[in-house]
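In UniProt numbering, the protein residues as written are 1 to 316. Everything on this sheet refers to the single structure shown next.
And the structure:
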C-alpha cells in the first residue's frame with residue numbers, strides 16, 4: 001500500500017483538485033491521509049464530501065506548522081510506502097502505477113521529477129519511456145546531490161520506504177519554516193546509508209500558486225531564514241567532513257537570496273533598525289562559520305550586487 005499524506009491549511013481553492021488527482025489513479029492500493037492544520041476556511045467541508053471512500057482519512061489538529069502536520073499523518077499511515085502531497089498540488093495520471101512498478105526491496109527511496117502547472121489544471125500524462133537509475137550508495141555523493149538540489153530538495157519529490165522514516169521524528173519535525181524538506185533529507189542521508197533510485201517520469205504536478213506559503217512575504221520570514229541558517233550552521237559543526245561542501249549548496253544560496261529579496265533597503269521591513277542589526281549579524285555568522293573569506297567574496301560577488309552588499313554591511 002502507498003500512503004499519501006497531505007497537510008491542509010486553508011486550501012479550499014485547490015483541495016478538491018488534489019483529492020481527485022489521487023482518486024483518478026489506476027493503481028488502487030493507496031491510502032490518502034488529509035491532516036488539517038487548523039484551517040479557518042471551508043476546507044473541512046469540502047474534504048467531507050469525499051470521505052465515503054474508506055481509503056481517505058481526515059484528521060483535524062490545532063495549527064502547528066507543516067512538519068508537525070506531516071508527522072501527524074505519518075503516525076497514522078498504514079502503507080509500506082510513504083508519499084507527501086501538498087494540498088494545492090496534484091499527482092500526474094498513472095503516477096502511482098509507476099511508483100509501484102519502480103519501487104522494490106532493493107531501494108529505500110524512489111526519486112521522481114515534477115511538472116509545473118498553472119491554475120488551468122492541465123497536468124500532462126506520464127510517458128511510458130521513463131528510465132530508472134540507481135544512485136551510488138556513497139554517502140558523500142548522495143549528500144552532494146541533495147545539497148545541489150539534484151534530488152530530494154522537497155519531501156514530495158520522492159516515495160519513501162515507511163520503515164526508514166518512521167523513527168526519525170527528531171529530524172523530521174525540525175520546526176524550520178524555510179528549507180525544512182532539504183534539511184530533513186540531508187539529515188536522513190547523514191544518519192543512515194540510503195538506497196536511492198531515480199525515475200525520469202514527471203509524477204508530481206506542482207501548482208505555480210502565488211498565494212502559497214513559500215511565496216508569501218512577511219516579517220516572520222526573517223526569523224524563518226535566521227532559523228534555517230542557524231540549523232545549517234549546527235549541522236556543519238556536527239558534520240565537519242560535509243561543512244566545506246555547503247559553500248556551493250543550492251540550499252544555502254536560496255536562503256541568502258530569500259533574505260536579500262525580503263530586506264532590500266527600499267523594503268519596509270528593512271527600515272526597522274533592529275532587523276538591520278540582525279541582518280548584519282546573520283550574514284556575518286553564516287559567512288565566517290561556513291565559508292572561507294575567499295568563497296564569501298565570490299559568493300557575494302556572484303549573487304548580490306555590490307551596491308546591496310555595501311548597504312547590508314554599512315547601513316547603521
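For glycine and all other residues, C-beta sits at the position ideal for the given N, C-alpha and C.
> Since residue 68 sits in a beta bridge, which residues does DSSP pair it with?
Replying inline: Looking at the DSSP output, residue 68 shares a beta bridge with no other residue.
> So, helix, strand or coil for residue 7, using DSSP?
Replying inline: Correct three-state label for residue 7: strand.
> Exposed or buried, which one is residue 368 when buried takes at least 16 other CB atoms within 10 Å?
Replying inline: Within the shown structure, residues of the chain are numbered from 1 to 316, placing residue 368 beyond reach of any answer.
> By the 10 Å Cβ neighbour count, where 16 or more other Cβ atoms means buried, how is residue 293 classified, buried or exposed?
Replying inline: Model confidence at residue 293 stands at a pLDDT of 36, short of 50, so the residue's coordinates are unreliable and nothing is read from them.
>> Quick test of your reading: residue 18 and residue 88, contact by CB under 8 Å. State the CB separation rounded to the nearest angstrom.
In response: Sure, about 7 Å apart at Cβ, within 8 Å.
> Considering only the beta carbon of each residue, do residue 136 and residue 80 sit closer than 9 Å?
Replying inline: In this structure, residue 136 lies away from residue 80, with their beta-carbon atoms at least 9 Å apart.
> Does DSSP classify residue 37 as helix, strand or coil?
Replying inline: The three-state secondary structure of residue 37, taken from DSSP, is strand.
> Using 8 Å as the threshold, is the region 136-145 in touch with the region 193-210, meaning 3 or more CB pairs across them?
Replying inline: Counting Cβ pairs under 8 Å, three or more are found: they touch.
>> Could you tell me the alpha carbon to alpha carbon distance between residue 32 and residue 173, rounded to whole angstroms?
In response: Spanning the two alpha carbons is a distance of roughly 21 Å.
>> Looking only at its chain, what residues have a beta carbon closer than 8 Å to the beta carbon of residue 239, apart from the 5 residues adjacent to it on each side?
In response: Excluding positions up to five away in sequence, the list reads 190.
> What is the rounded straight-line gap between the Cα of residue 8 and the Cα of residue 37?
Replying inline: Cα to Cα, residue 8 sits roughly 6 Å from residue 37.
> Assuming residue 159 contacts residue 91 under a Cβ cut-off of 8 Å, what Cβ separation, rounded to an integer in Å, is found between them?
Replying inline: No, residue 159 and residue 91 are not in contact; Cβ-Cβ is about 11 Å, not under 8 Å.
>> Check whether chain B comes within 9 Å of residue 201, counting only Cβ atoms and requiring the distance to be less than that.
In response: In summary, chain B is missing from the structure at hand, where a single protein chain is found.
> Quick one: Cα of residue 82 to Cα of residue 241, how far?
Replying inline: The alpha-carbon of residue 82 is positioned some 30 Å away from that of residue 241.
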